[in-house]
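**Q**
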Amino acid sequence: MSQPDFSQYTWAGRFAEPMTELVKRYTASVTFDQRMWRQDIRASLAHATMLARQGIIGDDDLAAIEHGMAQVSAEIETGEFVWSLDLEDVHLNIEKRLTALIGDAGKRLHTGRSRNDQVATDIRLYLRDAIDDLLELLESFQHRLLDLAEREAATPLPGFTHLQVAQPVTFGHHLLAYHEMIRRDAERFVDCRRRTNRLPLGAAALAGTTYPIDRQLVAQLLGFDEVCENSLDAVSDRDFAIEFCSASALLMMHLSRLSEELVLWMNPCFGFIRIADRFCTGSSIMPQKKNPDVPELARGKTGRVYGHLLALLTLMKSQPLAYNKDNQEDKEPLFDTVDTLSDTLRIFVEMIPGISVNPERMRAALQQGFATATDLADYLTRKGLPFRDAHEVVGRAVRRAEESQVDLAQLPLDELRQFSPLIDDDVASALTIDGSLAARSHFGGTAPDQVLAAIARARRR
Ligand code: ARG
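Reminder that position 387 of the sequence shown reads as 387 in the working numbering, one-by-one numbering, no gaps.
1) Can you tell me whether Ser236 sits near the ligand ARG, meaning its C-beta is under 8 Å from at least one heavy atom of the ligand?
2) With C-beta atoms as the reference, is Pro353 less than 9 Å away from Arg144?
3) Do you know how far the Cα of Tyr26 is from the Cα of Gly13?
4) Determine, using beta carbons only, whether Ile57 and Ser44 come nearer to each other than 9 Å.
5) Identify whether Leu413 lies in helix, strand or coil by the three-state DSSP scheme.
6) Any heavy atom of the ligand FMN within a distance shorter than 8 Å of the CB on Asp33?
7) Kindly examine the ligand ARG and report whether one of its heavy atoms sits closer than 8 Å to the Cβ of His91.
8) Write down every uninterrupted run of the alpha helix (DSSP H) in the stretch 321-385 whose length is 4 residues or greater and which is fully enclosed by it, in chain order.
9) Less than 7 Å between C-beta atoms, sequence neighbours within five positions excluded: which residues of the same chain meet that for Leu137?
10) When we look at the beta-carbon of Glu139 and count the other beta-carbons within 10 Å, is it buried (16 or more) or exposed?
11) Could you please give me the residues that DSSP links to Glu403 through a beta bridge?
12) Give a yes or no on whether the C-beta atoms belonging to Pro448 and Leu431 are separated by under 9 Å.
13) What do you reckon, is the C-beta of Tyr26 under 8 Å from a heavy atom of the ligand ARG?
14) Can you tell me which of the three DSSP states Asn197 falls into?
15) Give me the residue from Pro421, Leu51 and Thr381 with the minimum Cα distance to Asp108.
16) Let me make sure I understand the geometry here. Which of Asp434, Asn324 and Leu334 has the alpha-carbon closest to that of Pro359?
17) Would you kindly work out how many angstroms separate the C-alpha atoms of Ile102 and Glu95, rounded to a whole number?
18) Give a yes or no on whether the C-beta atoms belonging to Ile41 and Ser84 are separated by under 9 Å.
19) Assuming Met362 contacts Leu157 under a Cβ cut-off of 8 Å, what Cβ separation, rounded to an integer in Å, is found between them?
20) Looking at the unbroken beta strand (DSSP E) that takes in Ile273, where does it start and where does it end?
21) By the three-class DSSP mapping on this structure, what secondary structure does Phe15 have?
22) Near Thr10, what residues of its chain come up, given a Cβ to Cβ distance below 7 Å and the 5 sequence neighbours on each side ignored?
23) Pick helix, strand or coil for Gln167, following the three-state DSSP scheme.
24) For the beta strand (DSSP E) that Phe160 lies in, which residues bound it at each end?
25) Report yes if the C-beta of Val119 is less than 8 Å from at least one heavy atom of the ligand ARG; otherwise report no.
26) For Arg299, which option in Arg274, Ala276, Glu261 and Lys331 has the closest C-alpha, if you only look at C-alpha atoms?
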């Protein structure tokens, strides 16, 4: 029986038989890791530059590698490049094509490195770029929130606790709460970027290399802030990807809260907002329906991002040092997290300006919920009644208003005075929604002037 030809495998020398088709498909990553081709080429060029600078390969080799890589790039860009499952991953596909184009210089590129430090480098470069893109999107999203908050800085909205009317807030203030959440999310990504932006290359397979490499130079060429200190750690840990997914899970959690509120507010029972039609869909059976599909999906996609975080944590758990093939499984969850965040943020950036509010409905909801009851208690406290007693008095007044089916502000003064003689005709301003809002004028408060001040601070940042 003749030996099948499997000489295309870079590691064929040691093997007596080729992989089965199923094993090939099972072990290959090229179908998904080809998305890192730019990072792979960038890292290879930096590595080759360093090798030449250190006299490990010739300057003519470097020139050939640079020339060949330009052609490989062009082929991938135009879609001419033929990705082969036989070549397992993005790294071997590119190296093989380079060698076909330039010969021996292509075979010298892998001197002093391994796919283990190569892939760790590519993925860090990829994630660093992705974080930069996401940070830009987060900034745009924050700007949209600030614009809407400014427009609605004085618009009263029922503030809820337990999803029941609690106290009046301004819609602008409510939006600024999300602005704060997103600000912390951005901080987390910036922080995660610091630990991502360290160079693994030079760790080679696990133990470093015998060549006189210059890792600082490679780090500098690739814009890494630091060089990974330990070769075993450099090739094996993916904690930076886990950190990223963790920050992503928190971001999606925040977006899911906003989404949930948008869905509620858009429900005709609330009728607080409308979302532009282009972000909604209809029903195939109920002609009247307009469904907030975009926020619903954002809410739903939160689940898959949580799932990716758990997948990566579990992937890494109990892995012995150093590199294990398990780590090839880091890419799909990571890529899908990046894609989900990027699409969700892009759509929110477009959707926020497409929100129109219905201030009458918000005000009407507030008037039904005795939202200024706390203000009446504060009023009585200012007049000398201990707060706990004031709370009791107002509770009784609320019961009366409820029986009469009116708001507190609509109870006649002499009726209010039956509950406490401390109540005078100056109570009116405490009982109105706008009076209640204006009175909460301290740093971080809901008063319209505080909302505008918070927006100004955010813009300055
Ligand atoms: N495709 C592999 C990955 O994504 C590249 C590293 C493979 N290294 C190895 N020794 N098989 O992790």
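Where is the CB? At the ideal position from N, CA and C, for every residue including glycine.
Note that the structure is a prediction, hence the values are computed from the model and not measured.
**A** Judging by the given coordinates:
1) Relative to the ligand ARG, Ser236 has its C-beta separated by 8 Å or more from all heavy atoms.
2) For Pro353 and Arg144, yes; Cβs fall inside 9 Å.
3) Our two residues, Gly13 and Tyr26, have alpha carbons roughly 22 Å apart in a direct line.
4) In this structure, Ser44 does not lie closer than 9 Å to Ile57 by Cβ.
5) Here Leu413 sits in helix by DSSP.
6) Within the structure as shown, the ligand FMN is missing, the only ligands being the ligand ARG.
7) His91: yes, Cβ under 8 Å from the ligand ARG.
8) You should have 331-351, 359-368 and 373-382.
9) Excluding positions up to five away in sequence, the list reads Ser342, Leu345, Arg346 and Val349.
10) With fewer than 16 Cβ atoms within 10 Å of its Cβ, Glu139 is classed as exposed.
11) Its beta-bridge partners do not exist; DSSP assigns none.
12) Taking a C-beta distance under 9 Å as the contact criterion, Pro448 and Leu431 do not qualify as a contact pair.
13) Every heavy atom of the ligand ARG is 8 Å or more from the Cβ of Tyr26, so no.
14) Of the three classes helix, strand and coil, the one that applies to Asn197 here is coil, per DSSP.
15) Checking the sequence shown, residue 108 turns out to be Arg, not Asp. Checked all of Pro421, Leu51 and Thr381; the closest Cα to Arg108 is Leu51.
16) The shortest Cα separation from Pro359 among Asp434, Asn324 and Leu334 belongs to Asp434.
17) If I take the Cα positions, the gap works out to 10 Å.
18) Contact flag unset, no.
19) Confirmed, Cβ separation roughly 5 Å.
20) From DSSP, the beta strand (DSSP E) with Ile273 extends over Ile273 to Ile275.
21) In this structure, Phe15 counts as coil in the three-state DSSP scheme.
22) Closer than 7 Å at the Cβ level, and outside the excluded window around Thr10, lie Leu92.
23) Gln167: strand per DSSP, three-state reduction.
24) In the DSSP annotation of this structure, the continuous segment of the beta strand (DSSP E) that includes Phe160 starts and ends at Pro156 to Thr161.
25) Result yes, Cβ under 8 Å from the ligand ARG.
26) Ranked by how close their Cα comes to the Cα of Arg299, the residues Arg274, Ala276, Glu261 and Lys331 have Glu261 in first place.
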